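Residue numbers (my numbering), protein chains in the order written: chain A, 6 to 197; chain B, 6 to 197.
Below, the structure is given as C-alpha cells:
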C-alpha cells in the first residue's frame, strides 16, 4: 500500500538490520486517517471471505483492527490480552508467546465467549516478523474450534520467517507493506 | 448515553461494590458499532474546543480514542505506554501510576514528539474511577507544555473520587455513562 510505504519512508526509522520504528504514525502516535485507509484496504481484500470477527492482540494492533472492522460492516473486534487483569476471569484460551521486540515471554489470553466455533476469524496486527503473535492468535482460534479466513498485517518483515511459515501452511496473508531489508538505516521494500 | 447504558445493563457485570466488567463489548471484545457511536458522541461535545490531538493510554482506551479522533476530523491519537519496549527511546515524558484494577504501579510514558506545546489535548479513556490514569495523562500534557481541553471517558465510577477531583480543578469531564452504585450485582446509573 503506497500511502503506508510513504509513511514508513518519511516517518519510520530503520535500526540495525531488523528493527523498524513506526512509533510516529502507527504504534505510539497514530495517524488516524492513514490507519482508517489501511483498515479499508484490509476490508477490500477479505470482504469476500465473510469474516465474522476480527482478532488482534493488545496494544498496537487495536487501532487497525477497529478500522478494518468498521470497513467490514462493524464486525466485533477481540483483542487478546498480554497482561492479567483482575476483571479477566472465567473460561480462557491461552498460549505462551515469546516476544521478539521485548525479549520476554507472556501468556496471550482470550475469554472463551469471545470466539465461537462458527466464527470466521480475520487476524489483524501491526507487525508480522517471526510470527509468534500470529501463532498465538491462530492457537486461540483453534482452541475455540473456529476457522481463520486469513491474516492481515500493516508491516511484514519479509526477511523473517513469519510470513513464509503461514503461507506454507496455506494461510492467506496480506501485508500492506513488506520490508525486504534494512540496510544502513534505509528501509527497502519488497517488489509487488 | 443511552446505548452505552443499555449495553452495560445487558452485557456488563457488577462485582462486589466497585468492579464493573465490560469485557464483552468494550475492553476485551469490542462492539465496533457502539464504540464508533461513542466516538461520535464525544466529538459532538468537544468539537467547539478544537482539540488538536487525542491522548489515551494502552490498551483499553485505544478503540474509543480512534473513533473519537475519526469523528473530530481524523485527529492524531497518542497512546501512552505502560510497558517498556525496546523501540521506545529518545526524550520521554513519564509519570508513575498506581493501577486500581491491577493493584500494581507502572510508569506511564510518552515520547516528547507526541505532544507539542501548541497542542490542545483531549484525554480519552474507557474508565474514570480514582482518576490515577487521568492524573498521569494530565501530567504528560503539562510536561509537554500543552493544554488540556477536557477528559472524555466511556464509564465514570461516580462513587470514586476521580471525576470530582477533576471537576474541582475546573477540568471539563464528559462521561458517557456514570455509575452511581453497584449493589447486589446490579449497576445503578446517575440521573442526568
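Don't be surprised by glycine CBs; every beta carbon is placed ideally from N, CA and C.
These numbers come from a predicted model, not from an experiment.
With a cutoff of 8 Å on beta-carbon distance, residue 37 of chain A and residue 74 of chain B are scored as near each other. Looking at the DSSP output, residue 153 of chain B shares a beta bridge with B/126. Listed in chain order, the positions of the region 114 to 138 of chain A with a beta carbon within less than 8 Å of a beta carbon of chain B are 115, 116, 118 and 119. Residue burial annotation: residue 161 of chain A is buried, with at least 16 other C-beta atoms found within 10 angstroms of its C-beta. Scanning chain A for C-beta atoms nearer than 7 Å to the C-beta of residue 34 of chain B yields 81, 83 and 119, reported in chain order. Taking the Cβ atoms as the reference, residue 113 of chain A lies roughly 20 Å from residue 154 of chain A, outside the contact range of under 8 Å. Of all residues in the region 27 to 53 of chain B, only 28, 29, 33, 34, 35, 36, 37, 38, 40 and 41 come within less than 8 Å of chain A when Cβ atoms are compared, listed by chain position.
Counting along the chain, the unbroken beta strand (DSSP E) around residue 61 of chain B starts and ends at 58 to 62. Looking at the DSSP output, residue 183 of chain B sits in a beta bridge with B/161. Taken atom to atom, the span from the alpha-carbon of residue 94 of chain A to that of residue 186 of chain B is near 22 Å. Around residue 63 of chain B, the beta-carbon contacts reaching into chain A at under 9 Å are 63, 64, 65 and 67.
The DSSP-derived three-state label of residue 82 of chain A is strand. Taking all protein chains shown into account, residue 184 of chain A has 16 or more neighbouring C-beta atoms within 10 Å of its C-beta and is therefore buried.
Closest by C-alpha distance to residue 176 of chain A, out of A/101, A/44 and A/136, is A/136. Taking a Cβ-Cβ cut-off of 8 Å, residue 165 of chain B has no neighbours in chain A, whose nearest Cβ is about 15 Å from it. By the C-beta criterion, the region 66 to 73 of chain A is judged not to be in contact with the region 109 to 123 of chain B, since fewer than 3 inter-stretch pairs fall below 8 Å. Between residue 60 of chain A and residue 85 of chain A, the gap from beta carbon to beta carbon is short of 8 Å. DSSP places residue 51 of chain B in the uninterrupted alpha helix (DSSP H) bounded by 37 to 51. Under the DSSP definition of a beta bridge, residue 111 of chain B partners with B/102. Counted as a single uninterrupted DSSP element, the beta strand (DSSP E) harbouring residue 25 of chain B occupies residues 24 to 26.
Taking 8 Å as the CB threshold, residue 162 of chain A stays off the interface with chain B. Around the beta carbon of residue 22 of chain A, fewer than 16 other beta carbons sit within 10 angstroms, so the residue counts as exposed. Taking 8 Å as the cut-off, the Cβ atoms of residue 52 of chain B and residue 77 of chain B count as close.
Note on geometry: alpha-carbon atoms of residue 125 of chain B and residue 146 of chain B lie some 9 Å from one another. The beta carbon of residue 171 of chain A lies closer than 7 Å to those of 136, 139, 156 and 178 in the same chain, with the five residues before and after it left out. Residue 191 of chain B has a beta carbon lying at 8 Å or more from every beta carbon in chain A. Boundaries of the alpha helix (DSSP H) harbouring residue 167 of chain B: 167 to 173, taken from the DSSP string. DSSP, reduced to helix, strand and coil, places residue 67 of chain A within a helical segment of the structure shown. Nearest neighbour of residue 191 of chain B by Cα position, chosen from B/6, B/7, B/26 and B/8, turns out to be B/26. Pairing residue 13 of chain A with residue 46 of chain A, the inter-Cα distance amounts to about 17 Å. If you check the CB distance, residue 158 of chain B and residue 131 of chain B come in under 8 Å. Taking residue 101 of chain A as the centre and dropping the five residues before and after it, the same chain places the C-beta of 110 and 112 closer than 7 Å to its C-beta, in chain order. Per DSSP, reduced to three states, the secondary structure at residue 31 of chain A is coil, with no helix or strand assignment. According to the DSSP assignment, residue 141 of chain A belongs to the alpha helix (DSSP H) that extends over 137 to 148. Against chain B, a Cβ distance below 9 Å from residue 71 of chain A picks out 35, 37, 40, 41, 67, 68, 71 and 72.
With contacts defined as CB atoms closer than 8 Å, residue 128 of chain B and residue 67 of chain A fail to qualify as a contacting pair.
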